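Numbering (our numbering), first residue to last: 57 to 311. Every residue gets a Cβ at the ideal spot worked out from N, C-alpha and C, and that includes glycine. Since the structure is predicted, the reported quantities are computational estimates derived from the model, not experimental observations. See structure below.
Take a look at the structure:
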């Protein structure tokens with residue numbers, strides 16, 4: 057009986073980690089390490105957020121600033137034809153469109169949509185358009201993926217920018233189209249076409265250009281300044297001629 061009882065005590069001691077003395081110790085080192093990891097994580101998160109907000113605010117401090125009113129004409133061109141302009145959009149940042157006018161209204165209400173943050177990606181998000189380097193889909197339209205066929209040719213997403221006169225200023229195909237900066241009184245066409253057609257992407261239709269013209273800021277004209285004529289100086293009246301009376305000769309007679 058003594059041996060069995062001793063064996064049970066040893067088994068219980070082993071199962072409890074070596075007795076009461078060991079059980080009473082608190083693993084302070086473990087808890088300290090966990091606390092340090094948590095604190096560093098919180099500090100890192102806050103610092104990262106602050107850096108991001110600072111970068112956004114700095115990028116939003118240049119034109120178009122909050123309160124600016126810009127407008128840019130746009131169109132979507134898929135496999136050789138324009139699709140109807142978007143008619144409905146939300147307006148979370150002040151970069152949106154509406155009424156099918158083919159105009160991107162760039163009226164930033166927050167710094168995150170102003171300056172260098174006023175991008176084509178912000179517009180796409182506002183109107184529900186899927187747009188990136190490999191996909192294009194207008195709301196309710198067909199989803200095009202990179203390498204899908206147009207007329208039997210593998211096609212890609214391109215964005216071509218034009219000046220107000222309709223002349224191309226460049227086709228942007230090497231960057232994410234969401235990062236393209238919006239430009240006041242300019243035009244752009246978002247296209248899905250074969251590479252062989254990227255240099256012949258047309259500018260937005262005439263109605264878009266007409267609508268953009270209507271939104272152009274009025275030309276500032278300097279009122280002409282007319283210098284009033286200098287009044288003529290009255291003529292100085294002629295000095296009347298002075299007539300010298302004839303000299304009278306007096307003859308003195310001798311007595």
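>> Let me check understanding here. Comparing Cα to Cα, which of 86, 91 and 169 lies closest to residue 125?
In response: In the chain shown, the residue the question calls residue 125 occupies position 69. Answer by Cα proximity: 169.
- prompt: Which of the three DSSP states, helix, strand or coil, is assigned to residue 208?
  reply: The residue given as residue 208 occupies position 152 in the chain shown. Residue state, collapsed to three classes: coil.
Tell me, please, whether the segment 234-252 touches the segment 180-188 by the rule of three or more beta-carbon pairs shorter than 8 angstroms. yes
| said: Give me the residue from 82, 120 and 135 with the minimum Cα distance to residue 257. | reply: One-based indexing of the chain shown puts residue 257 at position 201. Ranking 82, 120 and 135 by Cα distance to residue 257 puts 135 first.
Exercise. Would residue 171 pass as a contact of residue 120 if the rule is Cβ separation under 9 angstroms?
Worked result: Stepping through the chain shown from its first residue, residue 171 is reached at position 115. Stepping through the chain shown from its first residue, residue 120 is reached at position 64. Cβ distance < 9 angstroms, so residue 171 and residue 120 count as in contact.
- Task: Could you check the C-alpha separation between residue 108 and residue 166 for me, to the nearest Å?
- Result: Locating residue 108 in the chain shown gives position 52, where the first residue counts as 1. Locating residue 166 in the chain shown gives position 110, where the first residue counts as 1. Its pLDDT being 49, under 50, residue 108 is placed unreliably in this model, and the coordinates cannot settle the point.
(Q) In chain order, what are the residue ranges of uninterrupted alpha helix (DSSP H) at least 4 long that sit wholly in the segment 139-175? (A) none
**Item:** C-beta atoms of residue 182 and residue 224 nearer than 9 angstroms
**Value:** Numbered from 1 along the chain shown, position 126 holds the residue referred to as residue 182. Numbered from 1 along the chain shown, position 168 holds the residue referred to as residue 224. No, the pair does not count as a contact, with Cβ atoms beyond the cut-off.
So, with DSSP's three-state summary, where would you put residue 109? Here residue 109 corresponds to residue number 53 of the chain shown, with the count starting at 1. For residue 109, the pLDDT reaches just 45, beneath the cut-off of 50, and the residue's location in the model is therefore unreliable, although a value from the coordinates is still provided. Residue 109: helix per DSSP, three-state reduction.
In angstroms with no decimal places, state the Cα-to-Cα distance between residue 175 and residue 164.
Your numbering for residue 175 matches position 119 in the chain shown. Your numbering for residue 164 matches position 108 in the chain shown. Straight through space, the alpha carbons of residue 164 and residue 175 are spaced by roughly 11 angstroms.
Quiz item: Using the C-alpha atoms, what's the distance from residue 259 back to residue 96?
Solution: Walking along the chain shown from the start, residue 96 turns up at place 40. Walking along the chain shown from the start, residue 259 turns up at place 203. Whole-angstrom Cα-Cα distance: 53 angstroms.
Self-check item: beta strand (DSSP E) runs contained entirely in the segment 221-263, provided each spans 3 or more residues
Solution: Positions of the beta strand (DSSP E) runs, each at least 3 residues long and wholly inside the segment 221-263, are given as 224-228 and 242-250 in order along the chain.
Counting pairs of Cβ atoms below 8 angstroms between the segment 191-198 and the segment 139-148, do you hit three or more? yes
* Asked: Would a C-beta distance cut-off of 9 angstroms place residue 242 and residue 154 closer than the cut-off?
  -> Translated into positions along the chain shown, residue 242 becomes position 186. Translated into positions along the chain shown, residue 154 becomes position 98. Their beta carbons are not under 9 angstroms apart, which means residue 242 does not touch residue 154 by this criterion.
* Asked: Taking Cβ positions, are residue 179 and residue 237 nearer each other than 9 angstroms?
  -> Counting from one through the chain shown, the residue named residue 179 turns up at place 123. Counting from one through the chain shown, the residue named residue 237 turns up at place 181. Not in contact: residue 179 and residue 237 (Cβ atoms no closer than 9 angstroms).
- Message: If you reduce the DSSP assignment to three classes, tell me which class residue 183 lands in.
- Response: What you label residue 183 is simply residue 127 of the chain shown in a count that begins at 1. Note: residue 183 maps to helix in three-state DSSP.
TODO: May I ask you to list the residues that DSSP assigns as paired with residue 84?
DONE: Mapped onto the chain shown, residue 84 falls at position 28. Bridge partners of residue 84: none, in fact.
- Query: Which residue or residues does DSSP assign as beta-bridge partners of residue 131?
  - Reply: One-based indexing of the chain shown puts residue 131 at position 75. Residue 131 is bridged by DSSP to 245.
Q: Helix, strand or coil for residue 124, going by three-state DSSP, please let me know.
A: Taking the first residue of the chain shown as 1, we reach residue 124 at position 68. In the structure shown, residue 124 sits in coil (DSSP, three-state: anything other than H, G, I, E or B).
- Run of the beta strand (DSSP E) containing residue 203, from where it starts to where it stops: On the chain shown, position 147 is the one that residue 203 refers to. Run containing residue 203: none; DSSP gives neither H nor E here.
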